[in-house]
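Asks:
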Amino acid sequence: ASTLAEGAAQHGRYFGVAIAANRLNDSVYANIANREFNSVTAENEMKIDATEPQPGQFNFYQADQIFNWARQRGKQVRGHTLAWHSQQPQWMQNLSGQALRQAMINHIQGVMAHYRGQIPIWDVVNEAFEDGNSGRRRDSNLQRTGDDWIEVAFRTARQADPSAKLCYNDYNIENWNAAKTQAVYNMVRDFKARGVPIDCVGFQSHFNSGNPYPSNFRTTLQQFAALGVDVEITELDIEGAPPQTYANVIRDCLAVPRCTGITVWGVRDSDSWRSYQNPLLFDGNGNKKQAYYAVLDALNEN
Ligand code: G3I
105 ASTLAEGAAQ HGRYFGVAIA ANRLNDSVYA NIANREFNSV TAENEMKIDA TEPQPGQFNF
165 YQADQIFNWA RQRGKQVRGH TLAWHSQQPQ WMQNLSGQAL RQAMINHIQG VMAHYRGQIP
225 IWDVVNEAFE DGNSGRRRDS NLQRTGDDWI EVAFRTARQA DPSAKLCYND YNIENWNAAK
285 TQAVYNMVRD FKARGVPIDC VGFQSHFNSG NPYPSNFRTT LQQFAALGVD VEITELDIEG
345 APPQTYANVI RDCLAVPRCT GITVWGVRDS DSWRSYQNPL LFDGNGNKKQ AYYAVLDALN
405 EN
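Position 290 of the sequence shown, counted from 1, bears residue number 394 in our numbering, the numbering being contiguous throughout.
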């Protein structure tokens with residue numbers, strides 16, 4: 105294979121990228137995205153503040169720009185994200201209790217209705233657990249509506265679009281020994297035991313000196329998959345883009361049958377939310393980096 109998408113397809117996986125709508129008219133950017141990837145995540149445009157700027161008034165202008173760009177080129181779209189403590193519009197930040205709970209439900213229903221049957225995978229809940237060793241839920245306005253907010257979000261999403269795969273997505277849950285990883289694992293195990301509809305777990309995989317790539321990442325993917333969910337690498341970027349580390353992540357996914365795909369969080373280093381770390385596969389000029397070749401080689405192994 106000579107592209108990331110073809111390489112992943114050899115293994116029945118997708119290879120995706122996060123796209124920003126306001127960069128799509130940059131031809132270098134758009135050409136790389138079109139050539140190399142067959143799945144697209146909107147970096148910001150499907151988030152709550154973008155899609156429901158006023159209560160009950162949905163705006164899919166930028167989201168649809170990305171959606172249509174991808175679909176016209178035969179690419180899958182990963183939906184990101186429906187319920188999150190961050191990037192809430194001001195009106196939602198001001199809500200609490202039952203009013204916020206209902207607003208969350210309405211938001212999930214409104215966005216999923218717009219894309220019903222057309223977005224096969226959704227990050228339903230994003231980043232609901234605390235960092236560090238507590239293993240607790242993150243304190244947020246959503247959490248303060250009651251511990252059941254996550255399962256309500258998943259049940260709402262299942263009803264809103266029964267065809268969509270429903271994911272829980274988080275960062276710093278790649279190391280099997282981390283308290284945060286164990287906390288998410290226990291939630292997923294509990295959801296499966298009680299029949300709460302959850303189909304996948306997204307491991308964002310933002311690796312850097314504070315959250316280095318763990319050699320037990322493959323174990324983590326295997327353990328979650330054994331609960332009966334798919335696992336996906338959803339926002340991959342690695343500080344300094346060391347080729348070996350990139351290759352290891354690819355091999356970890358390919359070693360786990362239920363690891364269905366990999367998404368990198370941006371096209372060029374200059375497009376990254378952490379551009380100063382040069383964490384991506386293409387440099388600022390759009391040239392392939394050593395990390396790119398390491399990923400492609402790993403995809404072309406056996
Ligand atoms: O669009 C506004 C612009 O109008 C304004 O002038 C400018 C001033 O700061 O801000 C622009 O919005 C920024 C937006 O990115 C678009 O560039 C926001 O400030 C900025 O906070 C936002 O950052 C995004 C971040 O999520 C917000 O939480 C990053 O682009 C995006 O890469 C990042 O993605 C997250 C995932 O969704 C979840 N996992 C972690 C990941 C990295 O933080």
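Ideal placement from N, C-alpha and C gives every residue a C-beta, glycine not left out.
Treat the numbers as computed from the prediction; the structure is a model and nothing was measured.
#1: Assuming R182 is part of the beta strand (DSSP E), what are its boundary residues?
#2: Mind checking who E336 pairs with in its DSSP beta bridge?
#3: Determine whether the beta carbon atoms of I225 and K296 lie at a separation below 7 Å.
#4: Per DSSP, F119 is paired with what?
#5: Out of N210, R372, D373, R322, point me to the one whose CA is closest to P361's CA.
#6: Could you check whether N279 and P318 sit closer than 7 Å to each other, using their CB atoms as the reference points?
#7: Note the first and the last residue of the continuous beta strand (DSSP E) segment covering W226.
#8: Assign V360 to one of three DSSP states: helix, strand, or coil.
#9: On the criterion of 16 or more Cβ atoms from any shown chain inside 10 Å, does N237 qualify as buried, or is it exposed?
#10: Are the C-beta atoms of R298 and some chain D residue less than 7 Å apart?
#11: Identify the continuous alpha helix (DSSP H) that holds T285 and give its terminal residues.
#12: Is it right to say D341 is buried, meaning 16 or more other beta carbons lie within 10 angstroms of its own, or is it exposed?
#13: Less than 6 Å between C-beta atoms, sequence neighbours within five positions excluded: which residues of the same chain meet that for E234?
#14: Report the option in W253, Y165, P347 whose CA atom is closest to the CA atom of M208.
Replies: Put simply:
#1: Per DSSP, the unbroken beta strand (DSSP E) holding R182 starts and ends at 180 to 188.
#2: DSSP lists G306, G365 as partners of E336.
#3: Between I225 and K296, the C-beta spacing is not below 7 Å.
#4: Residue pairing of F119 in beta bridges, as defined by DSSP: I366.
#5: Of the candidates N210, R372, D373, R322, the one whose C-alpha sits nearest the C-alpha of P361 is R322.
#6: Going by C-beta atoms, P318 is nearer than 7 Å to N279.
#7: Segment 225 to 230, the beta strand (DSSP E) holding W226.
#8: Looking at V360 - three-state DSSP - the assignment turns out to be coil, as it is neither helix nor strand.
#9: Under this definition N237 is an exposed residue.
#10: Absent from the structure is chain D; it holds one protein chain and no more.
#11: Residues 283 to 298.
#12: Its Cβ being crowded by 16 or more others within 10 Å, D341 is buried.
#13: Same-chain partners within the cutoff: R240, R242.
#14: Nearest C-alpha to M208: W253.
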